[in-house]
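Presented below is the structure to which this report refers.
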Amino acid sequence: MALRGGALLNVRDLSIRFGGIVALDRVSFSVPEGAIAGLIGPNGAGKTTLFNCLSRLYRPSEGTILFDGRPLLAAPRHRIAALGIGRTFQNLALFRSMSVLDNVRIGGHCRMRAGFLAHALALPRAEREEAALLEQVRLLIDLLDLGPVAERPVGALPFGTQKRVELARALVTRPRLLLLDEPAGGLNHEEVDQLRTRIRDIRDRLGVTVLLVEHHMNLVMTVSDQVVALDFGRIIADGTPAEVQGDAAVVRAYLGTPAA
Ligand SMILES: Nc1ncnc2c1ncn2[C@@H]1O[C@H](COP(=O)(O)OP(=O)(O)OP(=O)(O)O)[C@@H](O)[C@H]1O
Ligand SMILES: [Mg+2]
Numbered sequence: 001m002a003l004r005g006g007a008l009l010n011v012r013d014l015s016i017r018f019g020g021i022v023a024l025d026r027v028s029f030s031v032p033e034g035a036i037a038g039l040i041g042p043n044g045a046g047k048t049t050l051f052n053c054l055s056r057l058y059r060p061s062e063g064t065i066l067f068d069g070r071p072l073l074a075a076p077r078h079r080i081a082a083l084g085i086g087r088t089f090q091n092l093a094l095f096r097s098m099s100v101l102d103n104v105r106i107g108g109h110c111r112m113r114a115g116f117l118a119h120a121l122a123l124p125r126a127e128r129e130e131a132a133l134l135e136q137v138r139l140l141i142d143l144l145d146l147g148p149v150a151e152r153p154v155g156a157l158p159f160g161t162q163k164r165v166e167l168a169r170a171l172v173t174r175p176r177l178l179l180l181d182e183p184a185g186g187l188n189h190e191e192v193d194q195l196r197t198r199i200r201d202i203r204d205r206l207g208v209t210v211l212l213v214e215h216h217m218n219l220v221m222t223v224s225d226q227v228v229a230l231d232f233g234r235i236i237a238d239g240t241p242a243e244v245q246g247d248a249a250v251v252r253a254y255l256g257t258p259a260a
């Protein structure tokens with residue numbers, strides 16, 4: 001794997017509280033550009049909360065997030081996709097009555113530079129943007145094997161296929177960093193194997209850095225270059241899959257004994 005340069009994502013001393021719960025407690029880690037990084041931890045460890053901070057849905061109480069060296073917390077939430085961060089959700093968030101193609105295409109509109117009026121008047125710049133978007137949508141529909149169902153309403157498709165639609169939609173904005181929250185949840189064995197290949201393809205062919213929250217240990221440990229483990233809002237391990245898998249605090253966290 002060729003890592004291109006320094007950290008794309010740099011999280012420093014990030015904390016967030018909900019009432020009395022410290023959901024993230026001085027979390028620090030970084031992800032190099034071009035890496036696939038896994039984020040693991042027991043239920044309630046703070047994984048989704050961290051994603052919600054990265055996508056600016058939650059405002060951390062303390063800490064900084066640098067994306068490509070720039071402070072992310074200064075950017076408004078609606079700029080996150082345009083800055084280059086895409087995500088999928090732990091629970092699917094798709095328009096069920098709309099087609100696969102339209103669900104994917106809708107993800108791209110936030111990145112368009114020409115305004116609404118330019119599109120309404122079909123001005124040349126808007127037309128060029130629309131054509132480029134359609135090309136990207138087609139590429140992703142191919143990459144994720146969605147061609148045969150492109151015109152079908154999403155709600156009528158099997159769960160595993162819907163998860164691929166969500167993945168395509170997250171990629172249509174051409175993110176540099178893709179946040180995947182439990183992409184293997186609800187998938188069968190064969191679908192998890194395909195997902196592993198797809199995550200690699202996304203990194204290798206589209207050049208996207210991936211941060212992956214997952215309970216499926218086999219997937220995380222085989223697909224990731226780096227694994228970060230959270231427990232009760234704290235980082236308890238950060239290293240190669242082999243290092244983290246054998247880490248005493250990680251083993252304790254998964255056996256149900258709180259880490260010291
Ligand atoms: N909006 C919120 N309001 C109050 N508490 C919250 C909120 N979001 C998260 N929490 C709390 O923060 C903690 C971390 O939750 P989070 O959803 O991040 O865990 P997780 O690691 O994603 O777990 P899972 O593996 O079950 O998805 C939990 O105690 C949760 O109840
Ligand atoms: Mg979660």
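In my numbering, the protein residues as written are 1 to 260.
In this text, a Cβ means the ideal position worked out from N, Cα and C, and glycines have one as well.
Query: Three-state class that DSSP yields for T48 in the structure shown; Result: helix
Query: Contact under 8 Å by Cβ, E166 with V213; Result: no
Query: T222 (DSSP reduced to helix, strand or coil); Result: helix
Query: Range of the contiguous alpha helix (DSSP H) that encloses F159; Result: F159 to L171
Query: 8 Å contact criterion, which E191 and G160 should meet: CB distance rounded; Result: 5 Å
Query: Alpha-carbon spacing of A242 relative to I199, whole angstroms; Result: 20 Å
Query: Extent of the continuous alpha helix (DSSP H) run through R261; Result: Only positions 1 to 260 of the chain appear in the structure, and residue 261 is not among them; the question remains open.
Query: Rounded straight-line distance, which links the Cα of G38 to that of A131; Result: 35 Å
Query: First through last residue of the beta strand (DSSP E) which encompasses N10; Result: A7 to F18
Query: Integer-rounded CB distance, given that L195 should sit under 8 Å from L187; Result: 6 Å
Query: At least three beta-carbon pairs within less than 8 Å, the stretch 232-246 to the stretch 26-33; Result: yes
Query: Close-in-space but distant-in-sequence residues of the same chain around V104 (CB under 7 Å, 5 per side omitted); Result: V137, L140, I141, V165, A168, R169 and V172
Query: Residues of its chain near L3, where Cβ-Cβ distance is below 6 Å and the 5 sequence neighbours each way are ignored; Result: Caution is warranted here: a pLDDT of 48 is assigned to L3, below 50, making its placement in the model unreliable, and the coordinate value is therefore given only provisionally. Contacts found: P32 and G34.
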